[in-house]
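Novice: Take this structure, written in structure tokens, and hold onto it; I'll ask about it next.
Number of protein chains: 2
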Amino acid sequence: MHPLRKHIEEIIPLTDEEFAYIFGHFQSIKKRKHQYIVQEGEVVSKEFWVITGCLKSYFFDHNGKEHILQFGLENWWITDYESFVKRTPSKIFIDCLEDCELLYITYDDREKLTTQLHKMERFWAKKSKYGRIALQNRILSLLKNSAKERYDLLLEQYPQLFQRVPKKLIAAYLGVSRETLSRLGE
Amino acid sequence: MHPLRKHIEEIIPLTDEEFAYIFGHFQSIKKRKHQYIVQEGEVVSKEFWVITGCLKSYFFDHNGKEHILQFGLENWWITDYESFVKRTPSKIFIDCLEDCELLYITYDDREKLTTQLHKMERFWAKKSKYGRIALQNRILSLLKNSAKERYDLLLEQYPQLFQRVPKKLIAAYLGVSRETLSRLGE
DNA sequence: TCTAGATCACATCATATCTGTGACATAGCT
DNA sequence: AGCTATGTCACAGATATGATGTGATCTAGA
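As given, the protein sequences belong to chains A and B, one line each in that order.
Heads up: the first sequence runs through residues 7 to 192, numbered per my numbering.
Heads up: the second sequence runs through residues 7 to 192, numbered per my numbering.
Here is the structure:
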């Protein structure tokens, strides 16, 4: 079974025809390490789904320091939702940390698909709710937890990340310095 | 004096006002190693001029082998002229081999500039002629010279290239294998 | 059949980048 | 005032990636 089908069916069951119809709205691309899929300033018209590989979405603050919003691993969705939904220029970058194989759906195709297949509306609504909860928890964690606690939480939730991406990026995600992160693991 | 002014004045003299007017049609960008300035499939609307850095324009043949059309070093112009002039999707990629600082002029601005400032028409006409001659010579060289002869010619004309870009790219430019190139230097 | 050059496999080297760690600075808490 | 958590700076060693050279073979064309 196609991994996207498996992914969607974790939330809503699909017939073969439905999946074929949905899948027809996606296109696939390969990108290599260092390539961007979203750049600051552009209006993002695609939502990506990671088949294989690893990406980061990030921006630079006024001191030129990098902050990571999200990593994208296998079976994750990634885009700049603000730009994608509001049709405004993006404030962020998304690029590949490894060679990647991605599926994407354009804004228009996603609109069409949701109106024509009500199930997908439900799918995305659910995804969106869970995404919102995750963001909220991250904010809470940033407010109330120490660096060590945030480190432990991340390590517990996504141990693979620590094997896969450079520690300085984990640090930029947790909001601590590279050196402090290194000392947290002691 | 701005390097672009120096570059243009090697062909046509300019007043301060003229250069300021010309310069107003250009924009500057920085790109880092691995970033694309042109990708296959897009209609290229910019012509780039290299302030600092190094780029390659290239494509892949049906065997997935990379072939290099042109390198871009300081004071060189680079774009996909076919796409730029004919407004058709590009068949090539151009990306940065080093961090780069570039100037670019858009198609429309170039059109405006040439109609409004006749000198620039002369400038580009001359550039274009010389570019054409260079291309023709490259074809001749590919047809009649051995790999060793092509290697020697390139080494004579652009010795800096050999210091600056990986040998496998020199090979992809000369149309020989990496290994053969390595043995040519003996 | 000789030659120029390709392809494959491998070893060595160079470079970039990642990672840990000491020394020290600083801001907020108690 | 002094403690704690964290940041910043500098440096050194570890690791990974890519660049380079070279032998062994293979092939197409003069």
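Note that beta-carbon positions come from the ideal geometry of N, C-alpha and C, so glycine has one too.
H73(A) lies in the beta strand (DSSP E); which residues open and close that run?
Specialist: For the purposes of this step, residue 73(A) is taken as residue 67 along the first sequence, with counting starting at 1. Following the DSSP letters along the chain, one finds H73(A) inside the beta strand (DSSP E) bounded by residues 72-78.
Novice: Exposed or buried, R156(B), counting other C-beta atoms within 10 Å across all chains shown (16 or more means buried)?
Specialist: Looking up residue 156(B) in the second sequence gives position 150. Under this definition R156(B) is a buried residue.
Novice: Tell me, which residues are paired with Q33(A) by DSSP?
Specialist: The sequence position of residue 33(A) within the first sequence is 27, counting from 1. Q33(A) is bridged by DSSP to Y110(A).
Novice: Report the residues of the segment 37-64 of chain A with a CB closer than 7 Å to any CB of chain B, ordered along the chain.
Specialist: H40
Novice: For I98(A), which residues from the same chain have a beta carbon less than 7 Å from its beta carbon, with the 5 sequence-adjacent residues on both sides left out?
Specialist: As a working mapping, residue 98(A) is identified with position 92 in the first sequence. Around I98(A): V44, E46, S63, Y64, F65, L75, D86.
Novice: Mapping DSSP to helix, strand and coil, what is E115(B)?
Specialist: Position 109 of the second sequence, counting from 1, holds the residue named residue 115(B). Glu is not the amino acid found at residue 115(B); the sequence shown has Asp there. Reduced to three states, the DSSP call for D115(B) is helix.
Novice: Which whole-angstrom value describes the C-beta separation of Y110(A) and F29(A), a residue pair presumed to lie in contact below a C-beta threshold of 8 Å?
Specialist: Along the first sequence, one-based indexing puts residue 110(A) at 104. Along the first sequence, one-based indexing puts residue 29(A) at 23. Not confirmed; about 12 Å, so no contact.
Novice: Quick one: Cα of F32(A) to Cα of L10(A), how far?
Specialist: In the first sequence, the residue the question calls residue 32(A) occupies position 26. In the first sequence, the residue the question calls residue 10(A) occupies position 4. A straight line joining the alpha-carbon of F32(A) with that of L10(A) spans about 10 Å.
Novice: Quick check: the Cα distance between E72(A) and D101(A), rounded to an integer number of angstroms?
Specialist: Along the first sequence, one-based indexing puts residue 72(A) at 66. Along the first sequence, one-based indexing puts residue 101(A) at 95. Rounded to whole angstroms, E72(A) to D101(A) spans 13 Å at the Cα level.
Novice: Taking the alpha helix (DSSP H) that E127(A) falls in, what are its first and last residues?
Specialist: Residue mapping note: residue 127(A) aligns to position 121 of the first sequence, counting from 1. Residues 124-150.
Novice: To the nearest angstrom, report how far apart K39(A) and Q122(A) are at their CA atoms.
Specialist: For the purposes of this step, residue 39(A) is taken as residue 33 along the first sequence, with counting starting at 1. For the purposes of this step, residue 122(A) is taken as residue 116 along the first sequence, with counting starting at 1. C-alpha separation (whole angstroms): 36 Å.
Novice: Using alpha carbons as the reference points, say which of D105(B), E15(B), E16(B) lies closest to V56(B).
Specialist: Against the second sequence, residue 56(B) aligns to sequence position 50. Closest option to V56(B), Cα to Cα, is D105(B).
Novice: Am I right that E107(A) and G59(A) are in contact with their C-beta atoms under 8 Å? What's the rounded C-beta distance?
Specialist: Taking the first residue of the first sequence as position 1, residue 107(A) is located at position 101. Taking the first residue of the first sequence as position 1, residue 59(A) is located at position 53. At roughly 6 Å, the Cβ-Cβ gap stays under 8 Å, so E107(A) and G59(A) are in contact.
Novice: The beta strand (DSSP E) with D198(B) in it runs from where to where?
Specialist: In the structure as shown, chain B begins at 7 and stops at 192. Residue 198(B) is therefore absent and cannot be evaluated.
Novice: On the DSSP bridge assignment, give the partners of F65(A) in chain order.
Specialist: One-based indexing of the first sequence puts residue 65(A) at position 59. Bridge partners of F65(A): H73(A).
Novice: Starting from Y42(A), follow its DSSP beta bridges and name the residues at the other end.
Specialist: Reading the first sequence from its first residue, position 36 is the one you call residue 42(A). Partner(s): D101(A).
Novice: Less than 9 Å separating the beta-carbons of Y164(B) and F77(B)?
Specialist: Mapped onto the second sequence, residue 164(B) falls at position 158. Mapped onto the second sequence, residue 77(B) falls at position 71. Yes; because the gap between Cβ atoms is below 9 Å, this pair is in contact.
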